[in-house]
Ligand code: ADP
Ligand code: MG
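Set out below in structure tokens:
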């Protein structure tokens, strides 16, 4: 697979001399991008094109090639592949459409293809794609003509859609941004985004990856790749409607919908998820600059208004604006007429017409150890200052090179001037301070925040075999399990439940309460009641036997069986820890402010399981409820470490036991010292293989 992009020879199959033949565009592209390898053409009618002979069959080509690009009707693809196999061609790109995307009935055709690939150990990209490009070697095989506007550079692109892929290349071209490798992966029949990503992460010319996807082939592998690389991966994942999943009756499942799982997976693994292509390009531009290693920003602007806007933008993205140190002031004053500049940050240069000085200032700010990055805003209308402004823009890449620090250039000028500047420099140009700030912030967040890989070791006091053997006793069962059984499973993972007993009559209720000690809580054990307190099936703070019997009589209208629990009396915040099986990512864990306001507040953080306590702590920190745990309005600081520990334990449980569909601990009462789970629910998939973790 890694050799796919370094192919030195290519056979293009499906070329004819007819002017409407699409295969011709592939050949055009190879010529236009000046492919530095050997090209052979194949088409069943023979003839010639652009001076190349068209062979009637792959078998007639005088030598084997590193790559074949196939654009023939879908039904002919298997026989063409068979010939490629016989010829010893190891890698193929199938651009033809008419496979799985048309429906289930094309499955047989796809199976036939997979069988041939297996037999000849061939690798395939596609089908239903526009192919690949190596901008450095000129290997460019899309079947639509794509002007080589975008120069060779550091970004590499994976696009599931050919059309979007082509539009990405157009946008790169329009902004003169360079790229290294491009692949449109279409139906992902035999290689998916992770296979291509592996090549990119190994490619010395690739510093940044942009990925457009409509489906996630292997979420965990993608995450692991992102966790292990130092290269930023920017993901635009569309097709965001809620995919169908068992909308469970309990809280966490109804909240952790698929798209939020994708967002969570990105956050956890350091993938930068973007909304749309505009945002993607903004962020790619940020990564084209040197790393943003901190938060301290300088702003220099020729226009006061833009400086004010920029200050707001800096605030929105969490940058600080330190004062300019005396050294900078001294250095600059040497070159300026004294008293013209008021040295504040943002710096308004409105009164200074000497553009050389702008450059000097930029360089001084970036050289100064008190600054991590600079937003440089220049405004010109082009009447008398066009030449000097263009020269200024041309000088800025040099400033960045010499200082090794990021300078985001934001240019306000008529469209015509903007285009000239874009042609003049291979350097990102922003046209809005908010975009520039977003770009610098993405780089800062990527380089300064810690990504924790999936933990390898479980915490102590976790006994997977014990939990599994308990669960085996209900193998094949689907839906909610008995709370007593769920309790045993949770205890096998060291999750602490409040002291509790089952009781089925007055005597048992009294006995249980005596054992536990008053005050107690009494709840129905009826499986039919989902939200017990909504229907009066939870009685709290029962202080003595007569209150207890009274409460029990009332609860008997639901079911004779009840749960007697110790009443947690110390001050506690109600928290939720839940999780479920996601069809794409496997076990997913959710946590946030709990109790009965869960759905109203939706204050949640989601991750892919398992997570260690560090990642669990990050999850807690993401919620607004964290403030309540920190000690709020005279309340003590609560035991966040114990909460993080419990989150990690539950995540391992979900990860280890593949027949658990969902678990919902709500609330977990977080106290100063203890945490107590007072309400828990567990449901099974019914089939231990239905939602395996990969
Ligand atoms: P449900 O969620 O089905 O309504 P819960 O068992 O979660 O029922 O109880 C509802 C609320 O009662 C909890 O959110 C909590 O505030 C309180 N509660 C339940 N059990 C206890 C307990 N043992 N100690 C203290 N408070 C409790
Ligand atoms: Mg509850």
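In the numbering used here, the protein residues as written are 3 to 696. We put the CB at the ideal spot given by N, CA and C, even for glycine.
Coarse secondary structure for residue i, derived from DSSP in three states
{"i": "residue 251", "result": "Annotation note: pLDDT 26 at residue 251 (below 50); position unreliable, no value reported."}
{"i": "residue 564", "result": "strand"}
{"i": "residue 511", "result": "helix"}
{"i": "residue 333", "result": "helix"}
{"i": "residue 615", "result": "helix"}
{"i": "residue 454", "result": "coil"}
{"i": "residue 294", "result": "coil"}
{"i": "residue 173", "result": "helix"}
{"i": "residue 283", "result": "helix"}
{"i": "residue 264", "result": "helix"}
{"i": "residue 647", "result": "helix"}
{"i": "residue 20", "result": "coil"}
{"i": "residue 445", "result": "helix"}
{"i": "residue 142", "result": "strand"}
{"i": "residue 318", "result": "helix"}
{"i": "residue 668", "result": "strand"}
{"i": "residue 356", "result": "coil"}
{"i": "residue 627", "result": "coil"}
{"i": "residue 111", "result": "helix"}
Burial state of residue i, where buried means 16 or more other Cβ atoms lie within 10 Å
{"i": "residue 246", "result": "Because the pLDDT of residue 246 is 28, which lies under 50, any placement of that residue in the model is unreliable, and the number read from its coordinates should be weighed accordingly. It is exposed - the Cβ of residue 246 has fewer than 16 other Cβ atoms within 10 Å."}
{"i": "residue 587", "result": "buried"}
{"i": "residue 537", "result": "exposed"}
{"i": "residue 21", "result": "exposed"}
{"i": "residue 532", "result": "exposed"}
{"i": "residue 398", "result": "buried"}
{"i": "residue 634", "result": "exposed"}
{"i": "residue 663", "result": "buried"}
{"i": "residue 526", "result": "buried"}
{"i": "residue 35", "result": "buried"}
{"i": "residue 4", "result": "exposed"}
{"i": "residue 646", "result": "buried"}
{"i": "residue 95", "result": "buried"}
{"i": "residue 53", "result": "exposed"}
Under 8 Å between C-beta atoms of residue i and residue j
{"i": "residue 10", "j": "residue 40", "result": "yes"}
{"i": "residue 157", "j": "residue 71", "result": "no"}
{"i": "residue 653", "j": "residue 613", "result": "yes"}
{"i": "residue 488", "j": "residue 651", "result": "no"}
{"i": "residue 165", "j": "residue 149", "result": "no"}
{"i": "residue 785", "j": "residue 130", "result": "No statement about residue 785 is possible, as the shown extent of the chain runs from 3 to 696 and does not include it."}
{"i": "residue 199", "j": "residue 160", "result": "yes"}
{"i": "residue 92", "j": "residue 107", "result": "no"}
{"i": "residue 73", "j": "residue 140", "result": "no"}
{"i": "residue 385", "j": "residue 312", "result": "no"}
{"i": "residue 523", "j": "residue 567", "result": "yes"}
Near the ligand ADP: residue i beta-carbon under 7 Å from a heavy atom
{"i": "residue 535", "result": "yes"}
{"i": "residue 523", "result": "yes"}
{"i": "residue 481", "result": "no"}
{"i": "residue 544", "result": "no"}
{"i": "residue 668", "result": "yes"}
{"i": "residue 672", "result": "no"}
{"i": "residue 576", "result": "yes"}
{"i": "residue 681", "result": "yes"}
{"i": "residue 570", "result": "yes"}
{"i": "residue 598", "result": "yes"}
{"i": "residue 592", "result": "no"}
{"i": "residue 511", "result": "no"}
{"i": "residue 500", "result": "yes"}
Cutoff 7 Å; reference residue i; Cβ partners in own chain excluding five residues on either side
{"i": "residue 257", "result": "The predicted position of residue 257 is uncertain, since its pLDDT is 33 and thus under 50; a value taken from the coordinates is nonetheless stated next. Closer than 7 Å at Cβ, skipping near neighbours: 592, 604 and 606."}
{"i": "residue 146", "result": "27, 132 and 168"}
{"i": "residue 138", "result": "154, 182 and 207"}
{"i": "residue 547", "result": "512"}
{"i": "residue 423", "result": "392, 395, 413 and 431"}
{"i": "residue 630", "result": "575"}
beta-carbon residue i near the ligand MG non-hydrogen atom, thresh 7 Å
{"i": "residue 485", "result": "no"}
{"i": "residue 675", "result": "no"}
{"i": "residue 605", "result": "no"}
Chain C contact for residue i (CB, 8 Å cutoff)
{"i": "residue 380", "result": "No chain C is present in this structure, which holds just one protein chain."}
Same chain only: Cβ atoms within 6 Å of residue i, ignoring 5 sequence neighbours per side
{"i": "residue 667", "result": "579, 679 and 682"}
{"i": "residue 287", "result": "430 and 441"}
{"i": "residue 297", "result": "321 and 322"}
{"i": "residue 239", "result": "215 and 264"}
{"i": "residue 655", "result": "495"}
Beta-carbon contacts of residue i that lie in its chain and below 8 Å, excluding the five residues immediately before and after
{"i": "residue 401", "result": "361, 364, 365, 368 and 409"}
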